[in-house]
Each structure stands twice: as structure tokens, then as C-alpha cells.
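> Mind the numbering: the sequence shown is residues 53 to 379 in the working numbering, read in order.
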Amino acid sequence: MEVLMGPEAGKATSAVELGPTQQLAIGRSKKFVHGKGQAGGLLLTTDLDVSSRHAHIVVDPATNVVCIRDCKSTNGTKLNDTPLPPDVLRPLADGDTIMAGSSLIVFRVHQRCLYCDSGKSMELAVALSRSVVAEDVECAVSRGMLEREIADVDASIAKLQSSRSGMSLPSLPTSSLRPGESSAAEPSPIKHMEMMAAASLTMAWHRLVVPSLAPFFAQLNHAAESAPFEVQMTFPAWKENLTFLASCSVASVEAAHARLRAEMTKLKEAAATDDPNAANMAVVYKALEYFDQHMQSTILHKARQNDVGGGAATVMTTGDDAVPVLR
């Protein structure tokens, strides 16, 4: 309790735990306020309108609710501006005001007793515990998956570095050229096969897509024959992944592309921090960029294939270039 107005404004009691045998008192008698069986209270000796034995605050044994009772005071007691009849218990709640004599007192509940709102408190405790446990589990799972991915990438990089360190480049034999001989060597059979494969892939792309976009798709398909170092280390089965993307529908590739973009955004934000694993995250981000380009080309290619049989081609001119658009 705290006195808000009156001769002893600012006076307050310390927080106490009321029980069946303890009670708070308001009055001018020191024996009444701090006597035997009292948990303390407000001793208002300078407020002459307060009776020696003015009011009691007790726990009603029938309902286990904190109540106030006027002890037949001379000037009476008011609860929230409502006069109290003598020797009648009235429930008290947090924030209620008590008028005793010329003193306006506010009643505060700093800690609810075990009898108050036990059902609601239990429901709140269960909900909070479930929320905390769910967050801890989610964080632990995400952290564990990321650590495993980073460990796999680190192991692959270390393996590649060790294999490269053990390789030695053969020395090239020196040869003298005679006058009239050409220094250009004939292409090796392997190089010739690579050139033929690239030419056949380019012709295949020309048959499948709009001619003006065929060089772009041919370039991406040729790049798929030798993926960057980051892709090979992060996704050893990258060729199988590209083959699987080519067999999926447009909707499936678009959904996978959206998830890929979301993961790239998370990695980019994490790599920009002072995280000690930022370098590994950058390697994974570089590998995801490779699949991002291929997904974009696959979506555009499949959309063009779906529209080839149904629409009529018109030409939209932008500057000096004419780009075919199917409608």
C-alpha cells in the first residue's frame, strides 16, 4: 500500500505475503498496526481523521481472496469512493483506492498469491515453455545443418588441395623449328572431340529455342560441361542436378528457383557479417549463383517451348535489335 494524498503522502508499506493468519492494518495505534499477528501496515499518526483501529486487509478463508474490512472506524472507510459497511469483507484488486480519514491509499499487488488465476497462470506457463522449446529446437537444427554443410565443404576443399599439391606438371620437350615449318601443332583428338561436341550442342539448341536466343542457351549448356570449382566442391553431383532440372515442369523449376533465391539472400547477409565461416558461406553462395543462372535459362527455355505450338510470333523492336515475342 502507498499513501497518495494526505498528511503522510508518500508513505508506503513493504511487499508482504498475506496468509490465513496474517493481515495488514490501517490506523493510528502502533499496537494495532504492528501488534501480534499483524504483517505490518500503515501507521498514520498525523492523520487525525483516522481512527486508532481503522481497517484490516485480510485473506477471506472462505474464498481465498484478499479483502478489506472496516473496523467500525469513526469516519468510515471508502473503497473506490464507495463507503464500506462496518465488519463486512469486500474484495481488493490491484489498483483499488482506499479512503481512510484524510488519506488516499492505493493498493498494489506485486506478486499474485497461489490462489489467484492459477488456471490462467498454468496455461501461460505451458504456452511460454512450448514457445521457448520450439525456438531452441529450431535454432539447434538449423545450426547443426549449417555446420554439417560447412564441414562437408571444408573437407572437399582440403581433399582437392591435397590432391593438387601431389600433382607435378611434366616438363615440355624443347624442339627446334626448321625454316619453312609451321609452329602450329595439329589439334589433338581430344580437343577435336570437344569442339565437335560443342558444335553439336549448339545445333541442338538452335532446333529447340527461338533462334535469336539460341547463342545464349548454347553458351550456358557448354558451360555446364565444366562447372566452376565452387560448384564441383559444394555439389559433386551437379551434372545430375542439371539433368533433373531439365526434366522438371516449369512450375517445379520456378518453385525451386524461389527457394534457391531465398537461401542465397540468407547466405549473402551472413557472409557480410564478421562470422568466422563467412569465407565458406561465400563459396556456397558462388555455387548457388551457378544454379541460379541455369534455372533462369531453363524456365525461359521451357516457357518458349510451351508457347511455340500455340501462339503467333510477333516482333518487338527495341533500338536496333528485334526480339521475337510469342503471344
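Cβ atoms here follow ideal geometry from the backbone N, Cα and C, with glycine treated the same way.
Everything numeric in this text was worked out from a predicted model, so none of it was measured.
1) Who does Pro135 pair with in a DSSP beta bridge?
2) Going by other Cβ atoms of all chains shown within 10 Å of its Cβ, with 16 needed for buried, is Asn358 buried or exposed?
3) How would you label Asn332, buried or exposed, when you count the other beta carbons within 10 angstroms and need 16 or more for buried?
4) Among Leu312, His162 and Ser301, which residue has its Cα nearest to the Cα of Ala67?
5) Ignore the nearest five residues each way along the sequence and tell me which others in Tyr342's own chain have a CB closer than 7 Å to its CB.
6) Which same chain residues end up closer than 7 Å to Arg121 when comparing Cβ atoms and leaving out the 5 residues on each side of it in sequence?
7) How is the alpha helix (DSSP H) around Glu54 delimited, first residue to last?
8) Nearest CA to the CA of Leu56: which residue from Asn116, Gly147 and Ser81?
9) Please classify Arg356: does DSSP put it in a helix, a strand, or coil?
10) Check whether the Cβ atoms of Pro143 and Cys119 lie closer than 8 Å to each other.
11) Please say whether Val102 and Ala152 have beta carbons closer to each other than 8 Å?
12) List the whole-angstrom C-beta distance separating Glu69 from Val158, where the pair is believed to meet the contact cut-off of C-beta under 8 Å.
13) Using a Cβ-Cβ cutoff of less than 7 Å, which residues in the same chain neighbour Glu315 once the five nearest sequence positions on both sides are dropped?
14) Taking its Cβ as the centre, do 16 or more other Cβ atoms sit within 10 Å of Leu131, making it buried, or is it exposed?
15) When DSSP labels each residue in this structure, what does Ser227 get in the three-state scheme?
16) Rank Ser349, Gly87, Ala145 and Asp99 by C-alpha distance to the C-alpha of Asn127 and give the top, closest one.
17) Which residue comes first and which comes last in the alpha helix (DSSP H) that contains Arg121?
18) Report the three-state DSSP secondary structure of Ser214 (helix, strand or coil).
19) What span of residues does the alpha helix (DSSP H) with Gln284 cover, start to end?
20) Starting from Leu319 and walking both ways along the beta strand (DSSP E), at which residues does that stretch end?
21) Would you decide whether Thr73 is buried or exposed? Buried here means 16 or more other CB atoms lie within 10 Å of its CB.
22) Rounded to whole angstroms, what's the CA-CA distance from Ala322 to Val205? Just pull it up for me.
23) Is Gln75 helix, strand or coil by DSSP?
24) Out of Asp133, Arg160 and Lys354, which one is the CA nearest neighbour of Ala145?
25) On the criterion of 16 or more Cβ atoms from any shown chain inside 10 Å, does Gln345 qualify as buried, or is it exposed?
26) Taking 6 Å as the limit between beta carbons, can you name the residues of its chain near Lys291, skipping five residues before and five after?
27) Can you name, in chain order, every residue of its own chain whose Cβ lies under 6 Å from the Cβ of Ala61, other than the five neighbours on each side?
28) Buried or exposed: Leu212, going by 16 or more other Cβ atoms within 10 Å of its Cβ?
29) Going by alpha carbons, who is nearest to Pro328 out of Ile202, Gln348, Lys124 and Ser301?
30) Hey, how far is the Cα of Pro113 from the Cα of Leu76?
Concretely, from the data shown:
1) DSSP, once it has assigned bridges, lists Lys130 as partnering Pro135.
2) Per the 10 Å Cβ criterion, exposed.
3) It is buried - the Cβ of Asn332 has at least 16 other Cβ atoms within 10 Å.
4) Closest in C-alpha terms to Ala67, from the list Leu312, His162 and Ser301, comes His162.
5) By the criterion of a C-beta distance shorter than 7 Å, Tyr342 is surrounded in its chain by Ala279, Pro280 and Val283, once the five residues flanking it on both sides are discounted.
6) Excluding residues within five positions, the ones whose Cβ falls inside 7 Å are Ala107, His108, Val110, Asp139, Val140 and Leu141.
7) Unbroken run through Glu54 is the beta strand (DSSP E), Glu54 to Met57; no alpha helix (DSSP H).
8) Looking at the Cα atoms, Gly147 is the closest of the given residues.
9) Of the three classes helix, strand and coil, the one that applies to Arg356 here is helix, per DSSP.
10) Between Pro143 and Cys119, the CB-CB gap stays under 8 Å.
11) For Ala152 and Val102, yes; Cβs fall inside 8 Å.
12) In this structure, Glu69 and Val158 do not form a Cβ contact; the two beta carbons are roughly 19 Å apart against a cut-off of 8 Å.
13) Leu340, listed in sequence order.
14) Residue environment: Leu131 is assigned as buried (16 or more neighbouring CB atoms within 10 Å of its CB, all protein chains considered).
15) Note on Ser227: pLDDT 43, under 50, position unreliable in the model; the coordinate value appears next. Coil at Ser227, not helix or strand.
16) For Asn127, the closest of Ser349, Gly87, Ala145 and Asp99 by C-alpha to C-alpha distance is Asp99.
17) Not the alpha helix (DSSP H): Arg121 falls in the beta strand (DSSP E), residues Val117 to Asp122.
18) Looking at Ser214 - three-state DSSP - the assignment turns out to be helix.
19) From DSSP, the alpha helix (DSSP H) with Gln284 extends over Phe281 to Thr286.
20) Not the beta strand (DSSP E): Leu319 falls in the alpha helix (DSSP H), residues Val302 to Ala323.
21) Of the other Cβ atoms in all chains shown, fewer than 16 fall within 10 Å of the Cβ of Thr73; this residue is therefore exposed.
22) Rounded to whole angstroms, the separation of the alpha carbons of Val205 and Ala322 is 17 Å.
23) Note: Gln75 maps to strand in three-state DSSP.
24) Minimum Cα distance to Ala145 is reached at Arg160.
25) With fewer than 16 other Cβ atoms within 10 Å, it is exposed.
26) Cβ contact annotation for Lys291 (same chain, cutoff 6 Å, sequence separation greater than five): none.
27) The residues are Val55.
28) Classified as exposed, Leu212 has fewer than 16 neighbouring CB atoms from the shown chains inside 10 Å of its CB.
29) Out of Ile202, Gln348, Lys124 and Ser301, Ile202 has the C-alpha closest to the C-alpha of Pro328.
30) Their Cα atoms are separated by approximately 15 Å.
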